[in-house]
Amino acid sequence: MKNYAWILVIAACALWGLPESSAQAEDTGKAKTLPPIPLSLNEVHAWIDRSHPLLKGAGTEKTSARGKMLKALGAFEPVLVNDTEIERFIDKSTSKTQSVGFNDTLVEARTPWGFRGSAGVRQAIGDAKIPDLSFGNGNQQVILGGFLPLLKGLMINPENAELQRSELADPRAEVKISQTRQDLFLAAASQFWDWVSAAKFVDVQRRALGVAEERLRQVEGRAKAGAVAPLDVVEAGQEVQRRREISIAAQRAVEQEQYKMSMFLWENQTPTTPQLERVPDFPPPAAAPTADVVKADKLQAKSDRPEIREVDIEAKVNNIDLELAKNNLLPSLDLEAAPARAPEKFVLGLGYRFGAELRIPILQRRSRGEVMEAQAQADRLVLVQKYREQQVVVDVDNAVSAIERAKERVAAAAESLRMAKTLEEGERFRFSL
Numbered sequence: 005m006k007n008y009a010w011i012l013v014i015a016a017c018a019l020w021g022l023p024e025s026s027a028q029a030e031d032t033g034k035a036k037t038l039p040p041i042p043l044s045l046n047e048v049h050a051w052i053d054r055s056h057p058l059l060k061g062a063g064t065e066k067t068s069a070r071g072k073m074l075k076a077l078g079a080f081e082p083v084l085v086n087d088t089e090i091e092r093f094i095d096k097s098t099s100k101t102q103s104v105g106f107n108d109t110l111v112e113a114r115t116p117w118g119f120r121g122s123a124g125v126r127q128a129i130g131d132a133k134i135p136d137l138s139f140g141n142g143n144q145q146v147i148l149g150g151f152l153p154l155l156k157g158l159m160i161n162p163e164n165a166e167l168q169r170s171e172l173a174d175p176r177a178e179v180k181i182s183q184t185r186q187d188l189f190l191a192a193a194s195q196f197w198d199w200v201s202a203a204k205f206v207d208v209q210r211r212a213l214g215v216a217e218e219r220l221r222q223v224e225g226r227a228k229a230g231a232v233a234p235l236d237v238v239e240a241g242q243e244v245q246r247r248r249e250i251s252i253a254a255q256r257a258v259e260q261e262q263y264k265m266s267m268f269l270w271e272n273q274t275p276t277t278p279q280l281e282r283v284p285d286f287p288p289p290a291a292a293p294t295a296d297v298v299k300a301d302k303l304q305a306k307s308d309r310p311e312i313r314e315v316d317i318e319a320k321v322n323n324i325d326l327e328l329a330k331n332n333l334l335p336s337l338d339l340e341a342a343p344a345r346a347p348e349k350f351v352l353g354l355g356y357r358f359g360a361e362l363r364i365p366i367l368q369r370r371s372r373g374e375v376m377e378a379q380a381q382a383d384r385l386v387l388v389q390k391y392r393e394q395q396v397v398v399d400v401d402n403a404v405s406a407i408e409r410a411k412e413r414v415a416a417a418a419e420s421l422r423m424a425k426t427l428e429e430g431e432r433f434r435f436s437l
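First residue of the sequence shown? That's 5 in our numbering, and the numbers climb one at a time after it.
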């Protein structure tokens, strides 16, 4: 009785588990039969943004731009200076040899506007006469210094110009990245549809070859029965070979397009070949853009295309060079106040020196040449910008024309496809395939 009860329990458990197992098997079967998701152009573009090495390499332009900015800022960073000056001389009053001097510890800095300043502490070595700003029993002195250009070098100077150029390095890097991305997207779109077309073409050729092979088998059977001449078998075999050659060439073409397409699909730093099972169908024909849409696209292209933005950045850089060249035409008038650097003057009590210097170049050949060069470059960039804008407009018009002609070609291709299907059906009906 107990054995019978255990048998019932085991049977009930087995029956209880059967629906779940069968459901899992059914789900597994469904999962295995699910068709692959067709590859879309948006997925290709997202793949490029995610892992293409050229875009990753273009990202180093950002790092280079930050490096240029740091390099330009290095001209204005403060510098800690420790300077010791000692001089031995014979004092005329005592006829004794003395060693006197000073030790300076100061911080020097400059600003982008041309002003340079310094501040620190001087420690006297030996007997010294400190006229002002002394402390610490007269052996120490606060030292201050400054340099101020009033004409040439004020606000505009080579260091400030380099800083302004470095600020444009980041926008220039963004333009290069945009240009690389635009080129990759355009090439990927063209290659994507070449791959789809090649895959569709090889499918048509395989079907045509299948029809010819079926016809050959039928003709061979009829020839054995004596219904047709053996020459018909040769003719049917010749047609099979012709279509096989076309099919092999089509297969080679689709493999070539696959390899080209893999250069846009990178995974783990290696190109990935797309599967033929993921070839999508051709999209339905879209409506042609209206005149208002084309006009808006032209305006947007003029503001977004990297070619035009690059010319704008080049013009800004040239304007910096032009302003610097014009500033170099001015005479230099500089004011300076600094502590005495010669030990003998410091010992004698000459703690500070003040000065004003005026320099007036006579011919100004170099500066005038720089102005002429920068002005000519500015005029050239104006013409280049007009050319780029017109080039963008022509590109948009060319794209619209390509869309219109493509619609006509699609209509013609659809008619050819309809006729090819009719011919295939006719051949199958004629030869009873």
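Cβ atoms here follow ideal geometry from the backbone N, Cα and C, with glycine treated the same way.
heavy atom of the ligand ADP below 7 Å from residue i C-beta
i	result
Ala342	Judged by which ligands are present, the structure shown has none, so any question about the ligand ADP falls away.
Separation of residue j from residue i, as counted between CA atoms
i	j	result
Phe151	Leu137	20 Å
Met423	Ala410	20 Å
Pro57	Ala360	58 Å
Gly61	Ala191	18 Å
Gln394	Ala319	18 Å
Arg370	Leu333	9 Å
Gln389	Leu303	14 Å
Arg210	Gln195	23 Å
Leu148	Ser122	6 Å
Arg246	Gln255	14 Å
Val48	Ser55	11 Å
Ile407	Ala292	7 Å
Pro335	Ile324	19 Å
Leu43	Ala203	13 Å
Ala417	Leu326	58 Å
Asp108	Asn86	6 Å
Arg372	Ala165	18 Å
Phe80	Thr115	6 Å
Thr32	Val283	Annotation note: pLDDT 44 at Thr32 (below 50); position unreliable, coordinate value reported separately. Looking at the two C-alpha atoms, the distance is approximately 24 Å.
Leu59	Tyr263	20 Å
Glu314	Leu45	28 Å
Val3	Gln273	No answer is possible for residue 3: it lies beyond the span of the chain, which begins at 5 and ends at 437.
Arg221	Asp207	21 Å
Ser420	Val414	10 Å
Val232	Arg434	15 Å
Leu427	Glu259	28 Å
Leu38	Val396	45 Å
Val179	Ile364	42 Å
Gln102	Met159	46 Å
Integer-rounded CB distance, given that residue j should sit under 8 Å from residue i
i	j	result
Lys72	Ala173	4 Å
Pro40	Glu311	With 8 Å as the limit, Pro40 and Glu311 do not qualify as a contact, their Cβ atoms being about 39 Å apart.
Gly157	Gly130	Between Gly130 and Gly157 the Cβ distance is about 38 Å, and since that is not below 8 Å, they are no contact.
Ala240	Arg219	6 Å
Gln127	Gln144	6 Å
Pro275	Met267	5 Å
Val3	Val215	Past the boundaries of the shown model lies residue 3; the chain is included only from 5 to 437, so the question cannot be answered.
Ala346	Tyr356	The pair is not a contact, with the Cβ atoms about 12 Å apart (cut-off 8 Å).
Val400	Asp285	In fact, because the Cβ distance is near 28 Å, the residues do not count as touching under 8 Å.
Lys330	Val375	6 Å
Glu340	Ala177	With 8 Å as the limit, Glu340 and Ala177 do not qualify as a contact, their Cβ atoms being about 40 Å apart.
Glu217	Val244	6 Å
Cβ-based burial, residue i [other Cβ within 10 Å; buried from 16]
i	result
Met265	buried
Glu261	buried
Lys289	Checking the displayed sequence, the identity of residue 289 turns out to be Pro instead of Lys. Classification for Pro289: exposed.
Asp53	exposed
Gly118	buried
Asn161	buried
Asp187	exposed
Ser251	buried
Val111	exposed
Pro234	exposed
Glu30	In this prediction, Glu30 has a pLDDT of 43, which is less than 50 and means its spatial position is unreliable; nothing more can be read from the coordinates.
Ile181	buried
Ala69	buried
Gly140	exposed
Ile94	exposed
Leu269	buried
Ile134	buried
Opposing strand residues paired with residue i [DSSP bridges]
i	result
Pro275	Trp270
Gln127	Asn107, Gln144
Val85	Leu110
Gln473	Summary: the structure shown does not reach residue 473, with the chain confined to residues 5 through 437, and so no result is reported for it.
Ser44	Paired residues: none, contrary to the question.
Gly121	Ala113, Gly150
Ala360	Leu339
- prompt: Mind pulling the beta strand (DSSP E) runs of 3 or more residues that sit fully within the stretch 308-345?
  reply: If only complete runs of 3 or more residues are kept, the stretch 308-345 shows the beta strand (DSSP E) at 336-343, in order along the chain.
Whole alpha helix (DSSP H) elements within the stretch 130-214, 4-residue minimum: The stretch 130-214 is shown to contain whole alpha helix (DSSP H) runs of 4 or more residues at 162-171, in chain order.
message: To test your reading of the DSSP string, which unbroken alpha helix (DSSP H) runs of 4 or more residues are found completely within the stretch 385-419?
response: If we require 4 residues or more, the stretch 385-419 turns out to have no alpha helix (DSSP H) run fully inside it.
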